[in-house]
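These notes concern the structure reproduced below.
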Amino acid sequence: MGLFVAAHHPLWAAQLPSLFIAWALLAGLFPALWLAVVPALLPLASLSPWTGWIGGDEFDLLVLGALAGTRLRLLFEAPGEAPSRRVRLAWSGLVGLACLYLLALGRGLIDAGSTRFDWFQGYEEPLNSLRVAKSFLLAFLLAPALRAVLRTRPALARRCLILGMVCGLAVTCAAIVWERGGYPGLFDFSTPYRTTALFWEMHVGGAALDAYLVLATPFAVYAVAHARDFRHWVIASLLALLAGYACLTTFSRGVYLGAALAVLCALVGERWSVQRRMLLAIPATPDAAVPRWRVWGNRLLILALGLELAVIVGIGEFMGTRLAAGERDLGGRLRHWSESLGLLADTADALFGIGLGRYPAVYSQSVPGRELPGRLSLVGEGGARPLRLLAAPGNPRLRGKFALLQRVPDPSPGMHLLTIELRAPRLAIVDLGLCRTHLLYAETCLRRQLVVPAGGEQWHSFRVPLPVDERLFPRSAWPRLAFLDLRLYGLADFVDIDELDLVGPEKRHLLANGDFSDGLARWFFAGHHYFLPWHVDNLFLEIVIEQGAIALFVQLTLVGLALRNLWTAQAHDDSLAPYLLGGLVGCLALGIVSSVLDMPRPAFLFHLLVCYALLLDPRRSPGAPRSATETTETADIV
């Protein structure tokens with residue numbers, strides 16, 4: 081499967097199969113390596129705006145390679161000791177949940193009316209069911225390899241997971257600093273700009289970055305609390321400050337609640353386990369004091385985090401506006417949840433759901449005034465086919481809230497020339513822009529409007545000069561990204577597009593696949609200021625609606641067992657357990673106001689951490705017992 085996906089990659093079909101095989105062999109030779117590499121590369125391993133893939137991405141190749149290598153290794157390993165009753169119960173629950181996922185996947189494909197997949201299918205088509213299902217199914221298939229490394233090398237497994245999570249969080253924080261530095265400004269907290277980092281799944285809204293930050297932030301606290309020396313403490317403290325900045329600049333009330341609860345649970349769990357160890361340890365000697373630099377450093381770090389919170393939330397105007405709109409937003413959410421529950425038409429839907437990945441299509445078709453603002457399709461059969469950009473029929477309020485995009489280089493000063501052919505059955509206005517944009521929020525745009533007369537099958541050719549002025553697109557030390565952006569207005573419900581070309585001042589062609597001969601490769605899309613049809617905005621309702629009440633019961637039971645296992649593990653000197661417990665609890669809190677499982681990468685991470693907690697043996701200490709001095713130091717740090 082991995083080789084098949086790699087061989088069809090829109091950018092590197094020739095190189096990726098070899099890289100995939102090499103990664104699979106590494107994962108097989110070093111059985112715990114994937115526990116570090118997969119979480120570390122998770123924030124990077126998606127190039128959807130460049131490839132045009134929505135249902136799959138490079139992260140799938142990363143996980144499939146880890147799965148291929150570890151499965152191969154398991155063939156040659158001797159079977160271990162018989163699992164305990166607790167582990168057998170966990171396996172039973174995971175197998176049962178896998179069966180429910182497969183059932184919901186089947187129901188989704190039946191509801192979509194087809195099992196025919198295409199690499200560039202969107203959120204209304206069959207591939208979306210597989211896109212939602214793959215996060216749990218891939219984590220479930222990796223569970224035997226996870227269990228094997230936890231059984232034979234528990235300390236190594238713990239270190240690899242910590243390393244992967246800390247590195248992944250560092251990558252995300254670096255991306256956020258780059259994004260905010262290049263677009264609104266590092267210290268601009270009044271412009272309505274919400275950080276998205278490298279989570280391109282948020283092109284239609286959602287909480288991909290939110291869920292990731294809530295799961296990963298406790299690992300920054302772990303790094304500070306368990307830094308071995310002053311140098312490591314400084315690096316960990318810098319990461320903690322950047323993680324705080326990342327959480328705060330999402331301007332998401334759910335992130336604020338989830339991250340605060342995650343850190344609080346982690347520190348309370350750490351404090352409880354430290355006090356328990358101190359009761360069992362030899363009393364500390366007088367020279368077992370914590371170094372003064374650590375005591376004062378932690379105090380200064382807490383003060384710096386408090387100032388960061390005060391500046392971003394208290395001084396910036398944007399968060400104040402969002403908090404003031406809280407009551408109105410709650411009313412809108414309650415209405416949205418009520419409309420979403422109305423999609424459950426009968427007892428079968430209530431028990432087994434409407435099908436994985438079917439929420440956007442069913443909700444937009446069933447609730448008046450909640451249509452998807454647009455979609456893409458290719459017209460005709462064969463090779464080069466024009467692209468049809470469709471708007472929500474009969475709903476002018478949604479015109480312009482859906483954009484066709486392609487990544488282009490950051491515009492350099494000089495004349496750009498865009499050529500395009502358009503046709504429409506009724507009068508259409510195509511608004512096109514050359515925009516300096518990271519994902520959803522444009523820093524600046526050079527826009528033009530093209531009027532397409534009603535003409536049925538008649539094509540109209542346009543040559544559009546786009547003079548880029550350095551005053552409009554000023555140079556910056558921060559590297560920036562740009563999009564060619566097309567939106568549909570006017571009376572027509574759709575417009576056909578063909579023969580797109582953009583020539584820069586150096587006479588270089590800046591667009592790829594402008595005749596759509598490679599389908600939708602290299603083309604992307606995004607919603608703008610209207611995301612309701614794509615997300616339930618509640619973790620528990622999204623499970624009920626797409627998978628049914630039985631699946632919700634099984635998933636909550638498994639998460640409950642995982643949390644209980646972590647609580648037991650921290651009493652057996654597992655220093656990671658409180659932080660892992662905090663991340664999962666925080667993610668559940670975030671799930672009250674956000675969808676989590678419809679975003680593949682953070683959903684995979686959530687399922688992987690749940691599996692880790694379920695398969696962890698609390699009786700196996702992942703590290704050597706601590707001395708009285710180490711125990712006292714940790715207590716003072718907390």
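Residue numbers for the sequence shown follow this note's numbering, so the first one is 81 and each next one is one higher. Just so it is clear, CB atoms sit at the ideal spot from N, CA and C, and this is done for glycine as well.
Cα-Cα separation between residue i and residue j, rounded to whole angstroms
i	j	result
His652	Ser444	50 Å
Glu419	Leu621	11 Å
Tyr439	Glu626	7 Å
Pro264	Phe220	40 Å
Leu689	Leu664	8 Å
Ala557	Ser597	37 Å
Phe197	Glu205	8 Å
Ala87	Glu138	12 Å
Thr271	Gly412	23 Å
Gly685	Thr195	The residue asked about is misnamed: residue 685 is Leu in this sequence, not Gly. Rounded to whole angstroms, Leu685 to Thr195 spans 27 Å at the Cα level.
Phe156	Ser317	43 Å
Ala441	Val510	25 Å
Val284	His608	7 Å
Gly186	Ala235	39 Å
Phe349	Thr150	For clarity, residue 349 is Gly in the given sequence; the question names Phe instead. Distance between the alpha carbons of Gly349 and Thr150 is about 33 Å.
Ala170	Pro224	12 Å
Gly381	Leu322	It should be noted that the sequence gives Leu, not Gly, for residue 381. C-alpha separation (whole angstroms): 12 Å.
Pro366	Phe299	Note that Pro366 scores a pLDDT of 44, beneath 50, so its modelled location is shaky and nothing firm can be said.
Ile719	Leu469	In the structure displayed, the chain extends from 81 to 718; residue 719 sits before or after that span and is not available.
Gly377	Leu389	18 Å
Leu646	Ala572	57 Å
Leu591	Tyr659	46 Å
Ser675	Ile577	34 Å
Beta carbon of residue i nearer than 7 Å to that of residue j
i	j	result
Gly82	Phe110	no
Pro505	Gly536	yes
Gly108	Leu152	yes
Cys345	Leu661	yes
Val393	Ala342	no
Leu484	Phe574	no
Arg129	Gly248	Going by the sequence as given, residue 129 is Pro instead of Arg. Contact: no.
Gly286	Leu207	no
Met47	Pro554	This structure leaves residue 47 out entirely; the chain is present only between 81 and 718.
Ala629	Leu436	no
Ala307	Trp313	yes
Gly480	Tyr336	no
Pro163	Thr131	no
Leu266	Arg274	no
Pro682	Ala340	no
Val639	Leu177	no
Alpha helix (DSSP H) segment containing residue i, residue limits
i	result
Thr637	629-650
Phe299	288-305
Ser457	Careful: Ser457 lies outside any alpha helix (DSSP H), inside the beta strand (DSSP E) at 454-458.
Ile101	96-109
Ala86	82-87
Ala779	Nothing can be reported for residue 779: it is not among the residues displayed for the chain, which extend from 81 to 718.
Phe139	138-156
Thr195	Looking at the DSSP string, Thr195 is not in any alpha helix (DSSP H), and its letter there is neither H nor E.
Gly262	234-262
Residue span of the beta strand (DSSP E) that contains residue i, given as start and end
i	result
Phe542	540-548
Gln486	482-488
Met282	Neither: Met282 is in no beta strand (DSSP E) and is coded neither H nor E.
Phe563	562-570
Reference residue i, options the options, closest by Cα
i	options	result
Pro499	Asn475, Ser541, Thr648, Gly474	The sequence given here places Thr at residue 499; Pro does not occur at that position. The residue with the shortest Cα to Cα distance from Thr499 is Ser541.
Arg233	Leu115, Glu350, Gln650, Val175	Leu115
Leu520	Leu410, Ala178, Tyr610	Tyr610
Ser126	Ala237, Leu278, Leu185	Leu278
Ala326	Phe299, Arg516, Ile256	Ile256
Arg165	Arg238, Leu641, Ala158, Asp268	Leu641
Val375	Gly334, Ala305, Arg333	Ala305
Residue i burial status per 10 Å Cβ neighbour count (16 or more: buried)
i	result
Ala508	buried
Arg211	buried
Lys214	buried
Leu695	buried
Lys587	exposed
Leu96	buried
Trp280	buried
Trp373	exposed
Phe310	exposed
Trp539	exposed
Val199	Residue 199 is actually Trp in this sequence, not Val. Buried, by the Cβ-count rule.
Ala158	exposed
Cys515	buried
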